[in-house]
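Notes for the one structure printed next.
Number of protein chains: 2
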Amino acid sequence: MRAEIITVGTEILLGDILNTNTHYLANELASIGVDVYYQMTVGDNEKRLLECLQESLNRSDIVICTGGLGPTEDDITKEVCAKFFGYDLKFDEKCWNDILKLFYRKDKVPTENNKKQAYFPKEGIILPNDYGTAPGCIMEKDNKMIVVLPGPPREMKPMYDNYVRPYLLKKTDYIIESRVLRIIGVGESSIEEEIIDLIQKQSNPTIATYAKDYECTIRLTAKAKSKEEAEKLIEPVEAEIKCRFKENLYAIGETTIEDEVSKILVNNDLTISVAESCTGGMVSSSLINYPGISSVFMEGCVTYANEAKIKTLGVSENTLNTVGAVSEECAKEMAEGVARRHNTNIGLSTTGIAGPGGGSEEKPVGLVYFGIYINGKTIVKKYIFSGNRYTIRYRACKSIINDLRLELLKNNIK
Amino acid sequence: MRAEIITVGTEILLGDILNTNTHYLANELASIGVDVYYQMTVGDNEKRLLECLQESLNRSDIVICTGGLGPTEDDITKEVCAKFFGYDLKFDEKCWNDILKLFYRKDKVPTENNKKQAYFPKEGIILPNDYGTAPGCIMEKDNKMIVVLPGPPREMKPMYDNYVRPYLLKKTDYIIESRVLRIIGVGESSIEEEIIDLIQKQSNPTIATYAKDYECTIRLTAKAKSKEEAEKLIEPVEAEIKCRFKENLYAIGETTIEDEVSKILVNNDLTISVAESCTGGMVSSSLINYPGISSVFMEGCVTYANEAKIKTLGVSENTLNTVGAVSEECAKEMAEGVARRHNTNIGLSTTGIAGPGGGSEEKPVGLVYFGIYINGKTIVKKYIFSGNRYTIRYRACKSIINDLRLELLKNNIK
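Which chain is which? The protein sequence lines are F and X, in order.
Residues in the first sequence are numbered from 24 upward in steps of one, following the numbering used here.
Residues in the second sequence are numbered from 24 upward in steps of one, following the numbering used here.
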């Protein structure tokens with residue numbers, strides 16, 4: 024089955040909104056064996072949307088449209104798609120009652136313009152919207168399908184998951200199984216070099232490398248009649264790649280370095296506190312995002328002012344007056360100081376120059392020291408990150424979490 | 024001038040990578056008066072890319088392609104675009120030297136496959152890549168233009184800004200001026216209702232509303248011969264909208280609620296410390312992102328464990344044992360406690376249940392209390408946010424920063 028994704032919305036053409044729906048749908052469709060050949064964005068314009076639908080359904084079997092189901096005058100997607108198939112729209116009483124209930128639950132009343140959200144072709148299948156006022160719709164004609172979904176991702180995703188995906192699954196007869204291998208600390212072209220022989224002789228599974236921010240992923244994709252068959256094709260290739268990248272391959276599947284490290288801490292009962300200066304709370308925040316972290320995370324100290332480094336972490340005034348806050352010595356004292364507060368197994372610290380100002384020849388913008396205290400022993404690492412203020416902070420945050428993982432691995436903790 | 028944006032990359036079709044380039048380019052092109060009619064994504068496939076180029080250049084004057092300029096076997100964009108215009112690729116010595124320099128600076132050597140990045144049509148204009156190995160290219164033929172840019176955003180954006188934008192500006196004869204009004208705390212359909220009369224009679228400027236996460240924007244777009252003329256068209260509409268939304272309109276232009284509030288603190292010399300539990304460092308981190316915040320931000324205390332709330336903020340054990348950490352009383356004590364640490368003008372606190380676990384009938388997931396201490400007076404606010412763990416934390420973070428802004432505004436501080 025071949026599908027195309029059409030995003031409807033002038034705000035996307037004007038570059039106001041970042042399109043995340045296409046990314047989500049493409050990923051989902053690939054996972055159920057539906058090939059996505061094109062993705063397009065078109066404005067809130069009837070003529071252009073009709074042209075788009077025509078081109079897409081000439082090439083493919085399914086078109087999924089997101090956006091343009093709202094109550095405003097610009098919202099025309101459902102109307103245009105029905106028109107394309109020659110279907111009339113009729114008022115659906117049940118839909119309207121659902122919309123009324125949604126408003127009453129929030130102590131509000133719908134506006135007149137909300138009524139258009141309750142009109143559907145009788146030939147269509149109405150898809151309930153559990154998170155907003157706009158139901159979606161599946162329309163079919165002559166072996167072609169148009170699926171119409173709302174624009175806001177938090178409404179679109181559950182509607183796709185709960186109603187569209189099961190419907191499509193009934194129509195396919197093979198599956199695509201993917202395995203994503205996550206690599207941190209190695210650049211994309213070096214990754215490709217390392218596995219160039221595997222890439223050149225690939226067939227099923229296919230092998231593709233992707234550079235993400237601060238990490239790379241290798242995606243193995245196998246097509247087979249069953250999940251078991253597909254997994255058998257993937258396993259040997261995965262094993263070979265694991266062998267070549269060793270500890271730089273930190274996880275398989277959809278996860279993040281923060282969640283993987285949080286898991287290690289929780290599973291090994293390693294308590295932790297974090298002292299941050301330039302990263303400003305980002306490291307604490309990323310560990311705290313992990314549900315269950317409360318069993319090990321004691322405190323985060325964002326000691327941005329030097330006064331706070333002294334008062335809260337016991338950093339010595341002498342250190343601050345001689346080598347300064349951005350120094351190996353300060354990073355060490357911060358890590359040990361924060362671990363001392365609640366006698367945690369681990370204390371992390373960051374201190375650096377996030378920019379754009381504050382740099383010098385000796386201590387340039389991007390210079391960051393990490394202190395990593397683990398059960399009595401402290402190491403300090405020094406980096407120079409590039410980028411703007413946010414990027415430097417972000418990279419430092421990712422780095423120190425990975426460095427913690429590698430230090431724990433040296434002690435066989437995983 | 025009419026443009027289309029083509030993103031080349033199978034990883035986008037498979038939904039592995041989120042496409043942010045199209046968003047960036049669309050925004051930029053709109054700001055210089057170039058209409059974007061279509062945005063498309065196509066895989067690393069010569070046949071489909073050629074079809075795409077054909078369709079697009081039938082409709083429009085300019086195609087901008089991103090992606091597929093790397094050193095790997097999948098990277099074919101430049102080759103295919105040159106083929107489309109019937110141009111041959113020739114090895115460019117200067118390009119190759121630049122690539123060599125880039126590698127040597129990092130103490131590395133290029134691989135054989137990097138050589139293809141130095142091949143260009145002699146008819147083309149080579150665009151230097153100041154952040155990576157792949158230079159871009161502008162090719163023109165018979166009044167049609169193809170611009171080929173690298174995929175990674177941090178390479179693409181500067182190349183567009185420094186080389187493509189000036190080149191395009193020389194070719195247009197009118198400008199589009201946009202003004203973005205930022206509204207927080209009002210839903211999109213309510214916004215449209217409030218200004219429905221203005222929307223219905225719009226012509227130049229056009230008026231469009233966009234729902235972003237936790238805020239909405241109203242974009243006014245005027246087309247004129249000069250910037251001054253365009254601004255004259257926008258001003259009365261902007262004034263009317265400001266009047267209708269009052270303090271819910273928090274800023275004009277590209278900015279964030281965090282940066283606006285950070286500015287207010289710095290400009291008014293209001294020192295601040297922040298105590299966080301469920302938001303985990305997000306509030307501190309978002310204020311610290313503002314360059315210059317060091318003049319007012321003293322400390323962030325992520326007192327995740329109750330032990331830390333007691334030790335660092337002086338929250339009473341009695342409060343924790345009776346009403347618990349997620350309570351009005353605890354929020355108040357946290358805000359006052361954190362302000363006391365360095366005698367700051369302002370102390371903020373968050374305490375709540377981020378989920379997915381931890382909720383009860385009485386204290387559901389999403390319940391968050393804010394403490395806002397300003398110069399001797401503390402108020403507490405209570406919310407119930409919906410969404411997953413990250414969303415609840417994120418919305419709480421945005422909310423408390425806006426609430427601080429509104430409280431300061433009540434005291435005429437802005």
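Every residue, glycine too, gets a C-beta built ideally from N, C-alpha and C.
{"Item": "Inter-residue CB distance, F/S318 and F/V289 (contact presumed, cutoff 8 Å)", "Value": "6 Å"}
{"Item": "Residues near F/C75 by beta carbon distance below 7 Å, same chain, minus five either side", "Value": "I29, M63, V65"}
{"Item": "Below-9 Å beta-carbon distance, X/E34 vs any chain F residue", "Value": "yes"}
{"Item": "CA-to-CA distance, X/I397 to F/G380, given in whole angstroms", "Value": "29 Å"}
{"Item": "Residue closest to X/C324, alpha-carbon to alpha-carbon, out of X/P94, X/L336, X/T229", "Value": "X/L336"}
{"Item": "7 Å Cβ cut-off: residues of chain X touching F/P387", "Value": "By Cβ distance, chain X contributes nothing, its closest Cβ being about 15 Å from F/P387, past 7 Å."}
{"Item": "Own chain partners of F/T302 with C-beta closer than 6 Å, once the 5 adjacent residues on each side are dropped", "Value": "T373, R416, A419, C420"}
{"Item": "Alpha-carbon spacing of X/I513 relative to X/A298, whole angstroms", "Value": "Residue 513 of chain X lies beyond the stretch modelled for chain X, which goes from 24 to 437, so this question has no answer here."}
{"Item": "Pairwise C-alpha distance: X/L390 and X/L371", "Value": "17 Å"}
{"Item": "CA nearest to the CA of F/A247, picked from F/I214, F/R364, F/Y233, F/I199", "Value": "F/I199"}
{"Item": "Pair within 9 Å by beta-carbon distance, X/T89 and X/L36", "Value": "no"}
{"Item": "Collapsed DSSP secondary structure at F/G360 in the structure displayed", "Value": "helix"}
{"Item": "Contact belief for F/A358 with F/I395 at Cβ below 8 Å, rounded distance in angstroms", "Value": "6 Å"}
{"Item": "F/G360 and F/V338 closer than 9 Å at C-beta", "Value": "yes"}
{"Item": "Cβ-Cβ separation, F/I218 to F/I264 (assumed contact under 8 Å), whole Å", "Value": "6 Å"}
{"Item": "F/Q140 in three-state terms, based on DSSP", "Value": "helix"}
{"Item": "Through-space distance from X/M168 to X/I275, alpha-carbon basis", "Value": "34 Å"}
{"Item": "Spatially closest choice to F/N44 from F/Y183, F/G210, F/T229, by CA coordinates", "Value": "F/Y183"}
{"Item": "For F/Q62, the first and last residue of its enclosing beta strand (DSSP E)", "Value": "58-65"}
{"Item": "Extent of the continuous alpha helix (DSSP H) run through X/I264", "Value": "250-268"}
{"Item": "Straight-line Cα distance separating F/S350 from X/Y127", "Value": "29 Å"}
{"Item": "Sequence ranges, beta strand (DSSP E) only - wholly within the segment 366-434 of chain X, length at least 3", "Value": "369-375, 390-397, 400-407"}
{"Item": "Cross-strand partners of F/E322 (DSSP beta bridge)", "Value": "F/S296"}
{"Item": "Endpoints, beta strand (DSSP E) assigned at X/K167", "Value": "167-172"}
{"Item": "Beta-carbon proximity list for X/V170, same chain, < 6 Å, skipping 5 on both sides", "Value": "I87, I161, V187"}
{"Item": "Pick from X/L429, X/E252, X/A157, X/L80 that is closest to X/D115, judged by C-alpha positions", "Value": "X/A157"}
{"Item": "Boundaries of the beta strand (DSSP E) in which F/Y237 is found, first to last residue", "Value": "Where F/Y237 is concerned, there is no enclosing beta strand (DSSP E), given that its DSSP letter is neither H nor E."}
{"Item": "CB contact check: F/I40 to chain X, cutoff 9 Å", "Value": "yes"}
{"Item": "Length of the line joining the Cα atoms of F/G210 and X/I149", "Value": "25 Å"}
{"Item": "Selection of the segment 322-339 of chain F by Cβ proximity to chain X, strictly under 8 Å", "Value": "E322, G323, C324, V325, T326, Y327, A328, E330, A331, K334, T335"}
{"Item": "For F/Y190, three-class secondary structure by DSSP", "Value": "helix"}
{"Item": "C-alpha gap between X/G382 and X/T414, whole angstroms", "Value": "16 Å"}
{"Item": "Residue interval of the beta strand (DSSP E) (run including F/I28)", "Value": "25-31"}
{"Item": "Contact set between X/F408 and chain F, taken where Cβ atoms lie within less than 8 Å", "Value": "Under the 8 Å cutoff, chain F gives no residues; its nearest Cβ is about 13 Å from X/F408."}
{"Item": "Host beta strand (DSSP E) of X/C88 (start-end)", "Value": "85-89"}
{"Item": "Where F/L80 meets chain X, residues with beta-carbon distance less than 7 Å", "Value": "Per Cβ cutoff of 7 Å: no residues; F/L80 is ~15 Å from chain X at best."}
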